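See structure below.
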């Protein structure tokens, strides 16, 4: 299939357009944009800046992709937005490129779904198979692990890390790092257990889930310090890969504290 570019679309001649790309009515594509094979811009989509959109990705009407970050420290540096393959970017979604203060790149993985009006700010790093529901918002420098789901109207503070397979409840304000497999919710979100439904859907076995639940209970008990509990969990469950993912996440250098349960949810 050859390219299909609607006559009303404005595509800079310098843009690099792959095979089988469809650019619908009233779209605008800037000079430094790369649209890889099979990309589809449905209509009224704007893609600007140094933006690369991976093969098979679809972008729906009124999305704004690659415009300058909403960061007063940005002064036009040649930063990038790199979007992977087979993503669905729905209506009114906004994604911004990186900044000098964050590595110069915002990166989105493959097979993600960004529902209506969700926002990916500058310098975010998004894994594969991630879902942002309607109006979910990421501040700058946020990292989101594979298979994480962010509920509608949730908001994530800048520099927060969301671990793989985590679930963020709708309307939650997330100010602290969320462990892999964690479930958080609340106006100021607190850890509320493990994302058991997500684990089951993704084929984790009963032994894996049993080990994760036991490790979680020990990790967020009230006795000892968190550092001491991390070492204890490592000694007892360190050979279990999923538990190891949580421990590596907690031990990693980070600028935000770990989101923890309220006392009544610790068990």
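In my numbering, the protein residues as written are 20 to 286. Where is the CB? At the ideal position from N, CA and C, for every residue including glycine. A quick note: this is a predicted structure, and the numbers were derived from the prediction, not measured.
| How many whole angstroms separate the CB atoms of residue 46 and residue 62, which I take to be in contact at a CB cut-off of 8 angstroms? | Right, their Cβ atoms sit about 7 angstroms apart.
| Can you give the Cα-Cα distance for residue 249 and residue 50, rounded to whole angstroms? | Cα to Cα, the separation comes out at about 50 angstroms.
| task | Tell me whether residue 181 sits in a helix, a strand or coil according to DSSP, three-state version. | result | The answer is strand: DSSP assigns residue 181 an E or B state.
| With a Cβ-Cβ cutoff of 8 angstroms, do residue 131 and residue 115 count as a contact? | It is not a contact, given that the beta carbons lie outside the stated cut-off.
| field | C-alpha distance - residue 268 paired with residue 181, whole-angstrom precision | value | C-alpha separation (whole angstroms): 10 angstroms.
| request: Please go through the stretch 105-177 and give each complete beta strand (DSSP E) segment of 3 or more residues, from N-terminal end onward. | output: With a minimum length of 3 residues, the continuous beta strand (DSSP E) runs that stay inside the stretch 105-177 are 124-127.
| said: Taking the beta carbon of residue 216 as the centre, do at least 16 other beta carbons fall within 10 Å, making it buried, or is it exposed? | reply: With a 10 Å radius around the Cβ and a threshold of 16 neighbouring Cβ atoms, residue 216 comes out exposed.
| task | Please name the residue in 277, 77, 55, 119 whose C-alpha comes closest to that of residue 90. | result | Nearest of 277, 77, 55, 119 to residue 90, Cα basis: 119.
| request: Within the same chain, show all residues whose beta-carbon is closer than 8 angstroms to that of residue 38, passing over the 5 residues directly before and after it, in chain order. | output: Excluding sequence neighbours, residue 38 sits near 20, 21, 22, 56, 57.
| query | Whole-angstrom Cβ separation of residue 142 and residue 122, contact assumed at under 8 angstroms? | reply | Yes, residue 142 and residue 122 are in contact; Cβ-Cβ is about 6 angstroms, under 8 angstroms.
| request: Could you work out which residue in 241, 145, 233, 87 is closest to residue 185 when comparing CA atoms only? | output: Selected option, being the one with the closest Cα: 145.
| residue 276 burial status per 10 Å Cβ neighbour count (16 or more: buried) | Classified as exposed, residue 276 has fewer than 16 neighbouring CB atoms from the shown chains inside 10 Å of its CB.
| request: With distances taken Cα to Cα, identify the nearest neighbour of residue 134 among 124, 126, 152. | output: Closest option to residue 134, judged by alpha-carbon separation, among 124, 126, 152: 152.
| request: Please report how far the alpha carbon of residue 219 lies from the alpha carbon of residue 64, in whole angstroms. | output: Their backbone Cα atoms lie some 37 angstroms apart in a straight line.
| field | Three-state secondary structure (DSSP) of residue 52 | value | In this structure, residue 52 counts as coil in the three-state DSSP scheme.
| task | Out of 224, 257, 221, point me to the one whose CA is closest to residue 237's CA. | result | The shortest C-alpha separation from residue 237 is found at 257.
| beta strand (DSSP E) runs wholly inside the stretch 191-277, at least 3 long, in chain order | Fully enclosed beta strand (DSSP E) runs of 3 or longer: 201-204, 209-213.
| Option in 192, 126, 136 with minimal Cα separation from residue 162 | Of the listed residues, the one whose Cα sits closest to residue 162 is 126.
| request: Find out if the Cβ-Cβ distance for the pair residue 212, residue 189 is shorter than 8 angstroms. | output: Against a cut-off of 8 angstroms, the Cβ pair of residue 189 and residue 212 comes out as no contact.
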